[in-house]
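Residue numbers (the numbering used here), protein chains in the order written: chain A, 1 to 459; chain B, 460 to 918. Where is the CB? At the ideal position from N, CA and C, for every residue including glycine. Since the model is a prediction, treat every value here as computed from it, not as a measurement. Step one of this worksheet: look at the structure below.
Number of protein chains: 2
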Amino acid sequence: MNPLLASSPHVITVGAGLLDEALRAQAVPTTPVAWRPPLPGTAAALAAALADPRRHEANALAVGRLTAARPHLVGVRRASELLEAGTFLHAGPPITWERASGPMRGALIGAMLLEGGAADEHEAADRLAAGAVTLRPCHEHGAVGPMAGVVSPSMWLFEVRDDEHGGTAYCSLNEGLGKVLRYGAYGPEVLERLRWMDRVLGPALAATLERTGPIDLRSLIAQALQMGDELHNRNRAATSLLLRELAPAVVEAAPGAAAEVLRFVNGNDHFFLNVGMAAAKAATDAARDVPGSSLVVAMARNGTDFGVQVSGLGGRWFTGPAGVPDGLYLGSYGPEDANPDIGDSTITETSGLGGFAMAASPAIVRFVGGEVADAVRATRSMYEITLAEHPVYQIPGLGFRGTPVGIDVTLVARTGLLPVVNTGIAGRVAGTGQVGAGLVAPPAEAFTRALLALAEANK
Amino acid sequence: MNPLLASSPHVITVGAGLLDEALRAQAVPTTPVAWRPPLPGTAAALAAALADPRRHEANALAVGRLTAARPHLVGVRRASELLEAGTFLHAGPPITWERASGPMRGALIGAMLLEGGAADEHEAADRLAAGAVTLRPCHEHGAVGPMAGVVSPSMWLFEVRDDEHGGTAYCSLNEGLGKVLRYGAYGPEVLERLRWMDRVLGPALAATLERTGPIDLRSLIAQALQMGDELHNRNRAATSLLLRELAPAVVEAAPGAAAEVLRFVNGNDHFFLNVGMAAAKAATDAARDVPGSSLVVAMARNGTDFGVQVSGLGGRWFTGPAGVPDGLYLGSYGPEDANPDIGDSTITETSGLGGFAMAASPAIVRFVGGEVADAVRATRSMYEITLAEHPVYQIPGLGFRGTPVGIDVTLVARTGLLPVVNTGIAGRVAGTGQVGAGLVAPPAEAFTRALLALAEANK
Numbered sequence: 001m002n003p004l005l006a007s008s009p010h011v012i013t014v015g016a017g018l019l020d021e022a023l024r025a026q027a028v029p030t031t032p033v034a035w036r037p038p039l040p041g042t043a044a045a046l047a048a049a050l051a052d053p054r055r056h057e058a059n060a061l062a063v064g065r066l067t068a069a070r071p072h073l074v075g076v077r078r079a080s081e082l083l084e085a086g087t088f089l090h091a092g093p094p095i096t097w098e099r100a101s102g103p104m105r106g107a108l109i110g111a112m113l114l115e116g117g118a119a120d121e122h123e124a125a126d127r128l129a130a131g132a133v134t135l136r137p138c139h140e141h142g143a144v145g146p147m148a149g150v151v152s153p154s155m156w157l158f159e160v161r162d163d164e165h166g167g168t169a170y171c172s173l174n175e176g177l178g179k180v181l182r183y184g185a186y187g188p189e190v191l192e193r194l195r196w197m198d199r200v201l202g203p204a205l206a207a208t209l210e211r212t213g214p215i216d217l218r219s220l221i222a223q224a225l226q227m228g229d230e231l232h233n234r235n236r237a238a239t240s241l242l243l244r245e246l247a248p249a250v251v252e253a254a255p256g257a258a259a260e261v262l263r264f265v266n267g268n269d270h271f272f273l274n275v276g277m278a279a280a281k282a283a284t285d286a287a288r289d290v291p292g293s294s295l296v297v298a299m300a301r302n303g304t305d306f307g308v309q310v311s312g313l314g315g316r317w318f319t320g321p322a323g324v325p326d327g328l329y330l331g332s333y334g335p336e337d338a339n340p341d342i343g344d345s346t347i348t349e350t351s352g353l354g355g356f357a358m359a360a361s362p363a364i365v366r367f368v369g370g371e372v373a374d375a376v377r378a379t380r381s382m383y384e385i386t387l388a389e390h391p392v393y394q395i396p397g398l399g400f401r402g403t404p405v406g407i408d409v410t411l412v413a414r415t416g417l418l419p420v421v422n423t424g425i426a427g428r429v430a431g432t433g434q435v436g437a438g439l440v441a442p443p444a445e446a447f448t449r450a451l452l453a454l455a456e457a458n459k
Numbered sequence: 460m461n462p463l464l465a466s467s468p469h470v471i472t473v474g475a476g477l478l479d480e481a482l483r484a485q486a487v488p489t490t491p492v493a494w495r496p497p498l499p500g501t502a503a504a505l506a507a508a509l510a511d512p513r514r515h516e517a518n519a520l521a522v523g524r525l526t527a528a529r530p531h532l533v534g535v536r537r538a539s540e541l542l543e544a545g546t547f548l549h550a551g552p553p554i555t556w557e558r559a560s561g562p563m564r565g566a567l568i569g570a571m572l573l574e575g576g577a578a579d580e581h582e583a584a585d586r587l588a589a590g591a592v593t594l595r596p597c598h599e600h601g602a603v604g605p606m607a608g609v610v611s612p613s614m615w616l617f618e619v620r621d622d623e624h625g626g627t628a629y630c631s632l633n634e635g636l637g638k639v640l641r642y643g644a645y646g647p648e649v650l651e652r653l654r655w656m657d658r659v660l661g662p663a664l665a666a667t668l669e670r671t672g673p674i675d676l677r678s679l680i681a682q683a684l685q686m687g688d689e690l691h692n693r694n695r696a697a698t699s700l701l702l703r704e705l706a707p708a709v710v711e712a713a714p715g716a717a718a719e720v721l722r723f724v725n726g727n728d729h730f731f732l733n734v735g736m737a738a739a740k741a742a743t744d745a746a747r748d749v750p751g752s753s754l755v756v757a758m759a760r761n762g763t764d765f766g767v768q769v770s771g772l773g774g775r776w777f778t779g780p781a782g783v784p785d786g787l788y789l790g791s792y793g794p795e796d797a798n799p800d801i802g803d804s805t806i807t808e809t810s811g812l813g814g815f816a817m818a819a820s821p822a823i824v825r826f827v828g829g830e831v832a833d834a835v836r837a838t839r840s841m842y843e844i845t846l847a848e849h850p851v852y853q854i855p856g857l858g859f860r861g862t863p864v865g866i867d868v869t870l871v872a873r874t875g876l877l878p879v880v881n882t883g884i885a886g887r888v889a890g891t892g893q894v895g896a897g898l899v900a901p902p903a904e905a906f907t908r909a910l911l912a913l914a915e916a917n918k
């Protein structure tokens, strides 16, 4: 007799539930296994990447560095101190004026006007098209920028230092809501606000931070997660906690400007976003350049392309077309007004926050759409593509489980689960501003290409 | 044939599950009903109270007024403006020096010293024992006070106005943490802080609120619930949001004191508690004096007795012995150091916050003990003894369900479920200060007595 038939069968079922249901109806014990097909065309590369003997240790080292980072806000500096003349930074992987989307062009035009490089928007656009300014990604200058992420010399930057590994990261100051440069607006009120930020806000904050000394952002972010922020599209708690810390020192460091500075910060719940982005950049940078690691150390979008960088593959970008977010729209705007996904703010997801921490932030669904259960589901699914649970960033509603952190390209390819990103939505026409907020899936190509490069490097 | 046997039986099972299980095992359809015995000795009174034809409408009116209240912080006033000379207020139902617990005596001694009525603690105690000061409950003067709740003329009070019904409620300013008068401490550092509050903090906040105008506390509390506060033992978000609102105006209204005022408020996450207590008092007061209503309009403790007041029964107190909270202790303190439950802060539970809103505040379990699931269970059980779900105070984690609000004495008696109170724990020896925080069940007697009075009033 066939030995298979000598005892009662016990069947392991995989994938769709049909076989499992049929067997159970016949009282055959089964063990169902959740399984998804890997991303198309990745089977061979996946096998090669998984065979890398360095991988396990390299990933443990890389994600250990990411989660051990202790980012502190140490200062505020004018970009002119750090940026060579004639260079503007922008969000996402490298982009040219020709391929730039509406909001990216709008922000570049605004920066050109702010710097006095053109008399009006048409001249600014002409000069940018003619290459009068060198465009470089923020990420290649140790910085990150939300939405268009444009940084020009007379803007100010938060300076964040990782006390564990010594790295430094920068992010621009948040301009507030409505028509703002980062969403591609460049009207007179936008430029006037940026000039006030250059003249008043930047110096006041710089003097304030000299007074407070370094502010522990890891602790502040951990607290904000206990208070319903996910640190990408909800920063209400973090902004409030930071303002509490800064307020007495603002009064002492800049008494003449204190009231307007405090009023400006209080007027914008996203003020902390940029601080948190720099903290995330400092942490993910600590995980860079570990040979053999398949850990994602940056995800970023320029409004045209979505790009990822991987720890074991240096500064190379792996890109795919940026998708259009699905979410809630402001006023009379709708999906037809939306620009494809834009900004370096996906550094929050890369560090285990934002879409990955949505279970900590039930109220976020009022801003990006969906139900509370969707937010919990989103976070739970991200544990399948990440290498660790953050030891300090915890989710009270999941019994204080750490947030999923450390996206592994091989896990993305193997499960077909793409990182959950929650994001603001920029109007596609230059000069519009914000039109909504929602969720967006990154293009699978970016991860597939990174995986192929890992397999190639492994040969 | 007995008509009961002419068709298949369908059995409704009540209480313990034994009968239900036995019938189900025999494939008899059952409808199990959750049921608890009413509080002992309440059956007749319950029948009488439930028979009151006014009850349904009276309760709808009362709880409608409670949830429609729109409390606004309108000012800060010195208690001397409102308090007749020679009177001190205290928390809970009326109490005499003879029956006062350690922390209540400690706070009264401190107030006596603060007012210059005695040269030292012994003289203060002697004079208080001799009746040199009239002791009256805060609640009888439109006020509430946390823990000992002692108010003397040179303390300042938050003034909250209910814009819907026009009522006004007061609460003292929160002193901060550690050794503080409200926990029964009265050392030199306690008195020095109170003198600074009288000289600097009170006037600065009064000038600030004149500048900001009324601050909408209903909106602020609703936001804080979205940010993980339950507004009794967790007020971190509410304190942060209030400080954000006040900060620019503090700078303008009291430039010389702004930094120290902001530093003081930032140093104490419970700063908002007292504001929220006044807001809760304004709302519950709006529900008072509806003839026939069995709604609880106050729960309060003086460290010896726990008392409730009921809408349809005027200003009468129904009391039972205050229990000792069960929770987490600070440092080397333990249950043997704990005083019985004390303070008017149960006004938060009376208005649908605190223990009733714990599901909104998973992080609270780190402060009062237990697991996140316990917090969710506590809130869910309170829907069984309340008349409404708050239309504005919502719990994101329960799909934005309103908090349970409006305790009904008849529902408490019928279910035997007592209100869940989360609270600070005072040291039982006068002068000690805070020793912990935890949960406490009110004495069933207080509710039984109120029910008997309702039945009596109904004759």
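Going by CA-CA distance only, name the one from A/T96, A/P442, A/L217 that's closest to A/A68. Ranked by Cα distance from A/A68, the first of A/T96, A/P442, A/L217 is A/L217.
Got a sec: which bits of the segment 388 to 404 of chain A sit with their beta carbon under 8 Å from any beta carbon on chain B, in order along the chain? Hits within the stretch, in order: P396, G397, G399, F400.
A/A253 and A/A322: beta carbons closer than 8 Å? Going by beta carbons, A/A253 and A/A322 fall outside the 8 Å limit.
Is it true that the CB of A/A437 sits closer than 8 Å to the CB of A/G327? Pairing A/G327 with A/A437 gives a Cβ-Cβ distance under 8 Å.
So, helix, strand or coil for B/G814, using DSSP? Helix at B/G814.
Whole angstroms is fine: what's the gap from B/A832's alpha carbon to A/H90's? Annotation: B/A832 to A/H90 spans about 45 Å, alpha carbon to alpha carbon.
Partner residues on chain A for B/R695, Cβ-Cβ distance less than 7 Å: In chain order: M227.
Please check if any C-beta of chain B sits within less than 8 Å of the C-beta of A/A258. At least one chain B Cβ lies under 8 Å of A/A258.
Identify the continuous beta strand (DSSP E) that holds B/N761 and give its terminal residues. For B/N761, the enclosing beta strand (DSSP E) covers residues 755 to 761.
How close, in whole Å, do the beta carbons of B/T882 and B/D803 come, if the pair is a contact with beta carbons under 8 Å? With 8 Å as the limit, B/T882 and B/D803 do not qualify as a contact, their Cβ atoms being about 11 Å apart.
Express the C-alpha separation of B/L573 and B/L650 in angstroms, rounding to a whole number. When rounded, the distance between both Cα atoms is 6 Å.
Whole runs of the beta strand (DSSP E) within the segment 729 to 804 of chain B, excluding any shorter than 3 residues: For secondary structure counted as the beta strand (DSSP E) over 3 or more consecutive residues, the segment 729 to 804 of chain B holds these complete runs in sequence order: 755 to 761, 764 to 769, 777 to 780, 785 to 788.
In terms of DSSP beta bridges, what is A/D511 paired with? For residue 511 of chain A there is no data in the structure shown, the boundaries of chain A being 1 and 459.
Figure out for me which residue from B/L911, B/A696, B/V487, B/M571 has the closest Cα to the Cα of B/A591. Nearest in C-alpha terms to B/A591, of all of B/L911, B/A696, B/V487, B/M571, is B/M571.
From A/F400 to A/L108, what does the alpha carbon distance come to, in whole angstroms? The C-alpha of A/L108 is placed about 42 Å away from the C-alpha of A/F400.
Starting from B/G895, follow the beta strand (DSSP E) in both directions and report where the run begins and ends. Where B/G895 is concerned, the enclosing beta strand (DSSP E) starts and stops at 893 to 899.
With a threshold of 8 Å between beta carbons, is B/L632 in contact with chain A? It does not: the Cβ of B/L632 has no partner Cβ on chain A nearer than 8 Å.
Using DSSP with H/G/I as helix, E/B as strand and the rest coil, what is A/Y183? Residue state, collapsed to three classes: helix.
Quick one: what's A/D408 bridged to in DSSP? Paired residues: A/L295.
Return no unless some Cβ of chain B is closer than 8 Å to the Cβ of A/V275. Closer than 8 Å: no.
Quick one: Cα of B/A914 to Cα of B/L509, how far? Rounded to the nearest angstrom, the two C-alpha atoms are 9 Å apart.
Go through its chain and collect everything with a Cβ distance to A/P391's Cβ below 7 Å, but skip five positions before and after it. Short of 7 Å from the beta carbon of A/P391, and not among the five residues preceding or following it, lie these beta carbons of its own chain, in chain order: T67, G402.
Cβ separation of A/V76 and A/F158, assumed to be a contact under 8 Å, to the nearest whole Å: Sure, about 6 Å apart at Cβ, within 8 Å.
Where A/I395 sits in the DSSP three-state scheme: Under the three-state reduction of DSSP output, A/I395 falls in the strand class.
Stretch-stretch touch, CB-based, cutoff 8 Å, three pairs: the segment 687 to 696 of chain B with the segment 747 to 757 of chain B: In short, these stretches do not touch, since the Cβ pair count stays below three.
For a contact meaning CB atoms closer than 7 Å, what does B/S770 contact in chain A? None at all; the shortest Cβ gap to chain A is about 33 Å.
Beta-carbon neighbours of A/L241, restricted to chain B and to distances below 7 Å: Within chain B, S699 have C-beta atoms less than 7 Å from the C-beta of A/L241, given in sequence order.
Any chance the CB of A/I395 is under 7 Å from a heavy atom of the ligand HEM? For the structure depicted, the ligand HEM is absent and the ligand set is empty, with no information on it obtainable.
Excluding the five sequence neighbours on either side, which residues of its own chain have a C-beta within less than 7 Å of the C-beta of B/A507, listed in chain order? Counting only Cβ-Cβ distances below 7 Å, and skipping sequence neighbours, we find A914, N917.
Does any residue of chain A bring its CB to less than 8 Å from the CB of B/P468? Answer no: the Cβ-Cβ gap between B/P468 and chain A never drops below 8 Å.
Close Cβ partners of A/T448 (< 7 Å) along its chain, the five nearest in sequence each way excluded: Cβ contact annotation for A/T448 (same chain, cutoff 7 Å, sequence separation greater than five): L39, G41, T42, A413, in chain order.
Interface partners of A/A363 on chain B, CB under 7 Å: Near A/A363 (Cβ distances below 7 Å), the residues of chain B are Q685, P855.
Look at the alpha carbon of B/H515 and the alpha carbon of B/L632, and state the distance between them as a whole number of angstroms. Using only the alpha carbons, I get a separation of about 38 Å.
Helix, strand or coil for A/E189 per DSSP? Three-state result, A/E189: helix.
Residues of chain B with CB closer than 9 Å to the CB of A/N266, please, in chain order. By Cβ distance, chain B contributes R703, E704, A706, P707.
Here's a check: name, in chain order, each residue in its chain whose Cβ is nearer than 6 Å to the Cβ of B/A644, leaving out the five neighbours to either side. So the list reads K638, G890, G892, once near-sequence residues are dropped.
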